[in-house]
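In what follows, a single structure is set out as structure tokens and then discussed.
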Amino acid sequence: MMLADTSRLVAWRRHPTGSQFLDEVLYMHHLVVMDTRTLSPERQALVREVKETCMIARTRLISRVITNIFDEELRPLGLQSSQHILLNSIMRKGSATRAEIGRANHLDRSTLTRNLKVMLEAGWIEEVAEQARGRQRPLRLSRTGEELLFSSIAAWRAGQARAAKVLGQAGMDAIKQVADEILRG
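First residue of the sequence shown? That's 1 in UniProt numbering, and the numbers climb one at a time after it.
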């Protein structure tokens, strides 16, 4: 296996310019290569097919790049992008059970529990005792969480602008359309 020089990738992350950035990141993603000359022609074709068409590798890469952008912007506020998404989700619902929040955000139970625990300990969300039903304990934003959410809008907008430079308008539109269709079920 050969490892390519990734110093250019670090420079691109610091200075993204236009949608070319994403093409360059995707190109860099494929610079860690295996010597396929010893493989049969059929296996070489399979390796090529995966390299050229793999949606999971590309979507995970895009997700990591965009997540890193928002994490960088939100970090000064003590927030991670995943927590910002949950604060927004809970704000829109008013109050919601953990299961409702998980379903709305397509999160598995352990990921949701880990994030909500941090948010509860930070005082950003609180349980709504008067709405408890059996084992279900709805959550809502606390005053602190509401203030944090609204004070994070400038950082979120900066993340949006940086993401737009990376993805380009067509990329932004495509992601929004696919995500909206998923959320509609």
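Where a beta carbon is used, it is the ideal one built from N, C-alpha and C, also for glycine.
{"Query": "My output table needs one value for LEU107: the three-state DSSP class, helix, strand or coil.", "Result": "coil"}
{"Query": "Since I believe SER142 is in contact with ILE125 (beta carbons under 8 Å), could you give me their beta-carbon distance rounded to a whole number of angstroms?", "Result": "6 Å"}
{"Query": "State the CB to CB distance for the pair ALA158 and GLU73, rounded to an integer number of angstroms; the pair is presumed to be in contact (CB under 8 Å).", "Result": "5 Å"}
{"Query": "Below 8 Å on the Cβ atoms is my guess for LEU139 versus LEU116; work out the distance and round it to an integer in Å.", "Result": "7 Å"}
{"Query": "Please classify LEU39: does DSSP put it in a helix, a strand, or coil?", "Result": "coil"}
{"Query": "DSSP on ARG48, reduced to helix/strand/coil?", "Result": "helix"}
{"Query": "For the region 166–178 and the region 79–99, state whether three or more C-beta atom pairs, one from each stretch, are separated by less than 8 Å.", "Result": "no"}
{"Query": "Looking at the structure shown, is LEU79 part of a helix, part of a strand, or coil, going by DSSP?", "Result": "coil"}
{"Query": "Quick one: what's got a C-beta closer than 6 Å to ALA57's C-beta in the same chain, skipping five residues either side?", "Result": "none"}
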